[in-house]
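Under the numbering used here, read the sequence shown as residues 9 to 163, first letter to last. To start, the structure under review is shown below, and the notes come after it.
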Amino acid sequence: MGVILADSQHAHVVHKVMMQAFKEYEHATPPSSALSETVSSIELALQNGEQAFISYMENEPVAMVRFTLNDEGIYFFRLSVVPEKQGQGLAKMLIAEVENYARAQGKSVSECKVRMSVPRNIALYRALGYVITKETMAENLNGISLPVVTMEKTL
9 MGVILADSQH
19 AHVVHKVMMQ
29 AFKEYEHATP
39 PSSALSETVS
49 SIELALQNGE
59 QAFISYMENE
69 PVAMVRFTLN
79 DEGIYFFRLS
89 VVPEKQGQGL
99 AKMLIAEVEN
109 YARAQGKSVS
119 ECKVRMSVPR
129 NIALYRALGY
139 VITKETMAEN
149 LNGISLPVVT
159 MEKTL
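Rendered as C-alpha cells:
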C-alpha cells in the first residue's frame, strides 16, 4: 500500500474514488453534493490550492482525502474509501497522513465538518481525538442547507 500527494493530473482518480465512496449518499436527504462534482471542478480546485492524498493497494486507488491549509491548521473533507475496502483502517490511515502533513507544515489544528445525520463518521473522528466545536447549518455546493458539526483536533 502506498500514499501519494496528488496534483491536478490526478483529478480523475480523486473523482473516481469519491464517486464510488459517496454513492451510498445519493438517496440521502439531501444527497451529497460530492456527487455533483466533476473531474474538471476537482482539477481546478487542485490547481488553486486544494490538495489531496490518494491511497493505492496493488496499484489501484482505494481511498482519498482532500484538504486545504489555512493560517492555524488543516481542513480536510471528502474522505473517501471505496466500498469494498471500507472497515480496513484506510480512513484512519489517511487522517493520520493529513495530520502528519499539517504538523510538518507547522500547523496545530486539524478540522473537518460532518453531517449530523451520519453518526458513524462522527464516531470515527471522536475515536481519533476530534471533538465537536460547533453545530451549524451549512450550505452545500447545490445550495441546500443541512445540519453539520465542526470537529477539531489539536495536533
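We treat Cβ as the ideally placed atom computed from N, Cα and C, and that holds for glycine. Predicted, not measured: the structure shown is a model, and the values here were computed from it.
Check: Phe75 versus Glu160: straight-line alpha-carbon distance, rounded; Outcome: 14 Å
Check: C-beta contact flag for Val157 and Met124 at 8 Å; Outcome: yes
Check: Whole-number beta carbon distance between Ser116 and Glu80, since they are thought to touch under 8 Å; Outcome: 6 Å
Check: Status (buried if at least 16 other CB within 10 Å, exposed otherwise) for Met26; Outcome: buried
Check: Alpha-carbon spacing of Ser153 relative to Arg111, whole angstroms; Outcome: 32 Å
Check: Terminal residues of the alpha helix (DSSP H) in which Ile130 lies; Outcome: 127-135
Check: Where His20 falls, given that 16 or more other Cβ within 10 Å makes a residue buried; Outcome: exposed
Check: 8 Å Cβ shell around Val106 - same chain, five flanking residues per side excluded; Outcome: Phe61, Val73, Phe75, Ile82, Phe84, Ser118
Check: N-terminal and C-terminal residue of the alpha helix (DSSP H) that Val164 is part of; Outcome: The shown model of the chain, from 9 to 163, leaves out residue 164, and the question about it has no answer.
Check: Pairwise C-alpha distance: Pro155 and Gly137; Outcome: 22 Å
Check: Candidates Asn129, Arg134, Ala71: closest to His18 by CA position; Outcome: Ala71
Check: Status (buried if at least 16 other CB within 10 Å, exposed otherwise) for Ala99; Outcome: buried
Check: Status (buried if at least 16 other CB within 10 Å, exposed otherwise) for Arg86; Outcome: buried
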